[in-house]
Structure formats: C-alpha cells, structure tokens
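Structure first, commentary second.
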Amino acid sequence: MFVQFVLTGFAISKNKKRSSKPIIFLIPSMTSDENDRFWTVTGAMPYIDMIRESERKSSLPMAFREVADRQHLPITRDSSDPNILQIRHEDKVKFIEHLDLLLENFN
C-alpha cells in the first residue's frame, strides 16, 4: 500500500516520463556490524502499468533476479513477497547500476 501511494505521487509530478518508469526503494540495515550490513530492495511497476493491468503482476522480481545472476551477486529473500530482497552493502552500487541499465528501456 505504501509503495503504491508513493508511486502515485512520483507519477503525477511535473516530469511526465515518470509514470512509465518503475520506482525502486533501498532501505539500509540498522546494524553497526560492518560484516552484517545489507540493503533491503523493493519497488513497484510503473504507475501506468498499475492502472492498466487488473492482475497487477510485477516483472521487477525477474529484473532483480536477472541482475543478481548476471553479476553473480548473492541475494536473500526473507519475505513471501517476491518484490522484496536483500543485498549486501558492498554490492549495492553494482546492483543499482546494472538494474538501471536493465530498466533503462523499460516499456
């Protein structure tokens, strides 16, 4: 629900291209242990797709998996929601850069 609320605000902003782009969130872990730091990654499909499709299926889990597989990055899924995963702190930049490239020509 929260992600859909934020996605709506993101999409209706002045930049009209935003309604056709997915939104990705990264939430840092709250641990001081350098060896146990990770980022929780989640996102939502483009607003325009959310309106068009009644099933609301997301291709983001496939995109997340493809980036992780191509870059040989370990990911963890601690949720039953396929749109939520965890990546190591040191893999964040690599993951986001390659996800951005993959989603660049989205739609």
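Each residue of the sequence shown is one higher than the last, beginning at 1 in UniProt numbering. C-beta atoms are modelled at their ideal positions from N, C-alpha and C, and glycine is treated no differently. Bear in mind the structure is a predicted one, so any value in this text is a computation, not a measurement.
- prompt: With burial defined as no fewer than 16 other Cβ atoms inside 10 Å of the residue's Cβ, what is the status of Ile27: buried or exposed?
  reply: In the sequence shown, the residue the question calls residue 27 occupies position 27. The residue is exposed, with fewer than 16 neighbouring Cβ atoms inside 10 Å.
field: alpha helix (DSSP H) segment containing Leu85, residue limits
entry: On the sequence shown, residue 85 is found 85 positions in, with the first residue counted as 1. Per DSSP, Leu85 belongs to no alpha helix (DSSP H); it is in the beta strand (DSSP E), 85-88.
message: Just to confirm the assignment, what range does the beta strand (DSSP E) spanning Pro28 have?
response: Taking the first residue of the sequence shown as position 1, residue 28 is located at position 28. Unbroken beta strand (DSSP E) run through Pro28: 23-28.
message: Judging by CA-CA distance, which residue of Leu103, Pro22, Lys94, Glu66 is the nearest neighbour of Trp39?
response: As a first step, residue 39 is located in the sequence shown; it is residue number 39 there, counting from the start. The candidate whose alpha carbon is nearest that of Trp39 is Lys94.
query: Got a sec, what are the start and stop residues for the beta strand (DSSP E) Thr42 sits in?
result: Stepping through the sequence shown from its first residue, residue 42 is reached at position 42. Note, Thr42: beta strand (DSSP E), 38-44.
message: On the DSSP letters alone, give me the boundaries of the alpha helix (DSSP H) that Glu66 sits inside.
response: For the purposes of this step, residue 66 is taken as the residue at position 66 of the sequence shown. Unbroken alpha helix (DSSP H) run through Glu66: 60-71.
task: Identify every residue that forms a DSSP beta bridge with Ile96.
output: Within the sequence shown, numbered from 1, the residue matching residue 96 stands at position 96. Per DSSP, none; premise fails for Ile96.
query: Hey, out of Ser58, Arg37, Asp33, whose CA is closest to Gln86's CA?
result: Here residue 86 refers to the residue found at position 86 of the sequence shown. When only C-alpha atoms are compared, the closest one is Arg37.
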